[in-house]
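Take 93 as the starting number for the sequence shown in my numbering and just add one per residue. Note that the Cβ used here is the ideal one computed from N, Cα and C, for glycine as well.
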Amino acid sequence: MHIPFGERRLTIEDIAAMAVQGRQAALSDAPAFQARINRGADFLQRLLAEDGVIYGVTTGYGDSCTVAVPVELATALPRQLYTYHGCGYGAHFDAAQTRAILAARLASLSQGYSGVSWGLLQQLQAFLQHDILPLIPQEGSVGASGDLTPLSYVAAALCGERDVLYAGAVMPAADALARAGLQPLQLRPKEGLAIMNGTAVMTGLACLVWQRADRLSRLATRITALAVAAIDGNPQHFDETLFGAKPHPGQQAAAARLRADLGENKAGRNDHRLQDRYSLRCAPHVIGVLDDALPFLRGMIENELNSANDNPLVDPDGERVLHGGHFYGGHIAFAMDSLKNLIANVADLLDRQMALLVDARYNNGLPANLSGASGPTAAINHGLKALQISASAWTAEALKNTMPASVFSRSTECHNQDKVSMGTIAARDALRVLQLTEQVAAAMLISVRQGLALRAQTAAGSMPLQPGADAFVARLNAAIPFIADDVALEPLLRALVDGIQTGLWETHD
Ligand SMILES: N[C@@H](Cc1ccc(O)cc1)C(=O)O
């Protein structure tokens, strides 16, 4: 099933599915959609012929809008725009991120407020369908004249310039177009601006961030349940009546997931272990904030995704050109600054749980460093000591990256762009924080697997887990060996992080 552009509201899941090529993009074949796109493009052509003055068509860009461009040069202006913005820097966005960016731009232009031609939409669709991926450097957008500089790489590639990744190789865009049987796009006067003057980079990335953060919330809850079991903690901390007394729905949902894993605790008036440390007892209070924020942030991200976010907008029905600032990505900036904070808090939570698990002073009878070694070589074994140090390093780096980007607005472009969102930097931060947090989660998967096996060897044995958690532990046991002798864990860690990122450790129950 294709994902239709120009037909219905698109979702985060749509973009995420296209990013991994699980679903394919297709422009709606509804005649009314194509007619609307054509009306906008035709109106703009007529306006140019009749009035001769349109911002960004017969004027310079931004602060240079006072410079008149003679009509005979107007056709050269779009190429000029993407050319002088070809000053990006840094690593390139990866393939999945680039597909999300292309899809987000197509979603915006499909709103029918950008005055672009049907052919431009088709070229973007063709890039997605043939998987022709412009190489887009990550740095250089202030996120409020849209993502001008990174999107210049999209504009250029659509026209057969700069480099793309195609069929597994980096090559000139012109070569990829020829191999795919496509023609380079000829940009009409306003079309360079329409491709570049919008929030597609930060919005595409935000969709990917949201989906991974959503997964993380459930995985972190499952890991917490297993940590409670491994440390022989007190499941009563997640009691239904207790959480009924604090009406945050996301927090209640996190506690409910913990109960679903650990079972209803029907202990009497006084439990054998009164109070665990906060990283266990307050897990719903940490993860729950993420749970509560996600639906709210989804609304913001999807509104941006389904918006016409360039300038000027072209109203094909009222036949007006509307000058505004919809390229300002303030909502995405807020969503990404918020999410990176919430995600890093989860890293911190898991890292603290791990610190408890490996410490024989706090782990209620498990060996130091969760070492599984016995006999004469026990003395030279150090178990998960270094893994916990790594987790703390990743956590510190994640926390360090939570500095909000959106508060660092700079006046740029001769003070035309004197207040900007920095949403693209916030989204890139959020991706980095996610990566680090997923690494911490992977370290915890190893730790709870080891901890549960060691707990089972103790006299009292381990507390029973409910079926969903039990099945998850069986999968963990199959994927992660019991560590009876020190081993270099990097390959295992990489496989686990990869699994987390591809949904292998998705917890559905
Ligand atoms: N975002 C600016 C347009 C712009 C385009 C390119 C630039 O280099 C600078 C500014 C506006 O619409 O007002």
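Residues in its own chain within less than 6 Å of arginine 349 by CB, not counting five upstream and five downstream?
-> Thr313
At a cut of 8 Å, does the segment 469 to 477 reach the segment 391 to 405 through at least three beta carbon pairs?
-> no
Closest by C-alpha distance to serine 498, when choosing among Pro387, Ala218, Arg520, Tyr181 = Arg520
Between asparagine 326 and arginine 365, is the Cβ-Cβ spacing less than 8 Å?
-> yes
Tell me whether leucine 274 sits in a helix, a strand or coil according to DSSP, three-state version.
-> coil
Would the beta-carbon of threonine 333 fall within 8 Å of that of alanine 375?
-> no
Look at aspartate 155 and glutamate 598 and say whether their C-beta atoms are less than 8 Å apart.
-> no
Tell me which same chain residues have a C-beta within less than 7 Å of the C-beta of leucine 581, skipping the five on either side of it?
-> Leu479, Ile538
Look at the alpha carbon of alanine 571 and the alpha carbon of alanine 545, and state the distance between them as a whole number of angstroms.
-> 14 Å
Excluding the 5 residues preceding and the 5 following proline 264 in the sequence, name in chain order all residues of the same chain whose CB lies nearer than 7 Å to its CB.
-> Asp255
Taking only runs that begin and end inside the segment 351 to 424, name each unbroken alpha helix (DSSP H) of 4 or more residues, in chain order.
-> 370 to 373, 375 to 397
According to DSSP, is leucine 285 helix, strand or coil?
-> helix
The beta strand (DSSP E) enclosing aspartate 255, as first and last residue numbers | 255 to 258
Cβ-heavy atom distance, leucine 173 to ligand 1, below 7 Å | yes
Any idea what DSSP makes of tyrosine 174, helix, strand or coil?
-> helix
How would you call phenylalanine 97, buried or exposed, if buried means at least 16 neighbouring beta carbons within 10 angstroms?
-> buried
Would you check if the distance between the CB atom of glutamine 214 and the CB atom of leucine 119 is smaller than 8 Å?
-> yes
Could you have a look at leucine 476 and say whether DSSP puts it in helix, strand or coil?
-> coil
What residue from Tyr420, Asp443, Asp134, Ser554 has the CA that sits closest to glutamine 509's CA?
-> Tyr420
Quick one: grab the DSSP three-state call for histidine 329.
-> helix
Nearest to glutamine 126 by CA position, among Leu382, Val208, Val145, Leu585, is which residue?
-> Val208
Can you pull the DSSP bridge partners for tyrosine 181?
-> Glu231
Take leucine 308 as the anchor and find which of Ser513, Asp443, Gly178, Ile435 has the nearest alpha-carbon.
-> Ile435
Can you find a heavy atom of ligand 1 that lies under 7 Å from the Cβ of leucine 240?
-> yes
Backbone CA spacing between leucine 318 and valine 540 [nearest angstrom] | 6 Å
Within the segment 448 to 512, note down every full alpha helix (DSSP H) run reaching 4 residues or more, in order along the chain.
-> 477 to 492
Among Asp143, Arg138, Gln221, which has the Cα closest to the Cα of glutamine 116?
-> Gln221
Return the first residue and the last residue of the beta strand (DSSP E) that isoleucine 95 is part of.
-> 95 to 97
Could you tell me whether the segment 284 to 296 touches the segment 186 to 196, using the rule of 3 or more Cβ pairs below 8 Å?
-> yes
Closest residue to proline 496 among Val579, His415, Lys432, Tyr153 (Cα-Cα distance) | Lys432
Tell me whether leucine 568 sits in a helix, a strand or coil according to DSSP, three-state version.
-> helix
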